[in-house]
Amino acid sequence: MRLLFIYLIFIISTSRLFAQAADSLYYFSNPTDSLVGVKTGSGKIIIPARYRDFGLTDGSSSIKDDIIIMMDFNKNDSSAAYSYGDAFNRQGTFLYHPLFFDNGPDYFSEELARCVTDGKIGFVNHQGEIMIKPQWGWATPFNYGYALVGTGSYYWDLTKDEEHPPLRPRGATEEFYINTKGERVTPTDKPSSDKDQLADGKYLPYPFHYSRHEQQLVDSFNRVEMLSKIAFANYASPLKGREARLQFEITGRPSAGFPYYRLLAYDWNNGYDPHDDMTFLVNEKGEWFHIDFFDEIKPYRIWLKEKLEACRDFLTEHPDMPNRFNVEEYLTKDGNLTPKSL
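One gets my numbering by counting positions in the sequence shown from 1 and adding 6 to each.
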């Protein structure tokens, strides 16, 4: 009976492994023209092989992304609202056209990325849902709750600089700020809060709104002075006041596919800008994690220990840095975190 039970467990485990392998997704190429598509581990094609590769796809490793972006462009003009290709979900359903930006598909900023339809720019979320319909000739990424958009048509002036060309309008345009709902926001001459965003000499209202629980979460990060010390340890200019303190805000909330709050740090330099290396996640248990630009998630204590060790090495090599701090208050000589750091 015991042998039968072990055999049944083996069969069930093996079946699960085969099912997982069949559900895994892989890039594949058409041998006749080298175009690329996506298929399951069992060989079912979910995205036909009609996309260009340029050596960016790896057919030997399974695809981990929830949104699969396939390259399908022939950049032969300087239009700013230009599509990089097609974005699909893991079932092979088309979602949107990502904006071509900086030689690749647009990146997510504050949980939104730019998309393109018929030469107009809008915004999508991490699930590939269009949250703000494409309607502008140009739009910046969201920062501190706002994006600058422009009506009309825009192009990159390659005659001035082919690698980093300036953005130019074609004909008449109107530029203004929008919030994450796509609503137009008019700056004011005077701030209503010390957290308002300074933009073009005027002020955009503080855009974040929280429940009591969320405010407590934000406050818990803003109380950790050590994070600001780590962030500015390698700055060449001395900082003081609010320039020397990070300001954390919630830019993403838990969803079915991503059960974390996302907290992003901003620093002040005549306006709030994201401090990209200071992005953290918090799960429903209240556990903290760090997430980097490549979406690698690491437990907070492990990340903190590594960062403090890096700060100690850097400040030892550069004893004249103006924003130095005593790392040993937070990290012992044998590499353990002190109670003050936790």
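Just so you know, even glycine gets a beta-carbon here, dropped at the ideal spot from N, CA and C.
| query | Taking one C-beta from the region 145-159 and one from the region 90-100 each time, how about it: are there three or more such pairs within less than 8 Å? | reply | no
| task | Along the beta strand (DSSP E) that carries His6, what are the first and last residues, could you check? | result | A query on residue 6 cannot be resolved here, the shown segment of the chain reaching from 7 to 348 and no further.
| For Gly156, does the three-state DSSP call read helix, strand or coil? | Numbered from 1 along the sequence shown, position 150 holds the residue referred to as residue 156. If DSSP states are grouped into helix, strand and coil, Gly156 belongs with the strands.
| Cβ contact (3+ pairs, closer than 8 Å) linking the region 181-188 and the region 152-172 | yes
| query | In terms of residues, what are the limits of the beta strand (DSSP E) holding Leu348? | reply | Here residue 348 corresponds to residue number 342 of the sequence shown, with the count starting at 1. Segment: none, Leu348 is in no beta strand (DSSP E) and carries neither H nor E.
| query | From Trp162 to Pro171, what distance separates their C-alpha atoms? | reply | Within the sequence shown, the letter at position 156 stands for residue 162. Within the sequence shown, the letter at position 165 stands for residue 171. Trp162 and Pro171 have their alpha carbons spaced roughly 6 Å apart.
| task | Report yes if the CB atom of Met76 is closer than 9 Å to the CB atom of Tyr57, and no otherwise. | result | The sequence position of residue 76 within the sequence shown is 70, counting from 1. The sequence position of residue 57 within the sequence shown is 51, counting from 1. Contact: yes.
| message | Spatial neighbours of Pro147 within its chain, please: C-beta separation below 6 Å, excluding the five flanking residues on both sides. | response | Looking up residue 147 in the sequence shown gives position 141. Closer than 6 Å at Cβ, skipping near neighbours: Ser115.
| Under a Cβ-count criterion, where at least 16 other Cβ atoms within 10 Å of its own Cβ denotes burial, should His103 be classed as buried or exposed? | By one-based count along the sequence shown, residue 103 stands at place 97. Its Cβ being crowded by 16 or more others within 10 Å, His103 is buried.
| Member of Gln141, Gln203, Asp64, Val44 whose CA lies at the smallest distance from the CA of Asp279 | Here residue 279 corresponds to residue number 273 of the sequence shown, with the count starting at 1. Residue Gln203 is the option with its Cα nearest to Asp279.
| said: Buried or exposed, going by whether 16 or more other CB atoms sit within 10 Å of the CB of Ile308? | reply: Counting from one through the sequence shown, the residue named residue 308 turns up at place 302. Label assigned to Ile308: exposed.
| query | Which parts of the region 123-174 are runs of the beta strand (DSSP E), unbroken and 3 residues or longer, counting only runs that do not cross its ends? | reply | Counting only runs of 3+ residues, the beta strand (DSSP E) found wholly inside the region 123-174 occupies 126-130, 136-142, 153-156, 159-162, in chain order.
| field | Distance between beta carbons of Leu270 and Leu310, contact taken as under 8 Å | value | Reading the sequence shown from its first residue, position 304 is the one you call residue 310. Reading the sequence shown from its first residue, position 264 is the one you call residue 270. Not a contact, Cβ separation roughly 17 Å.
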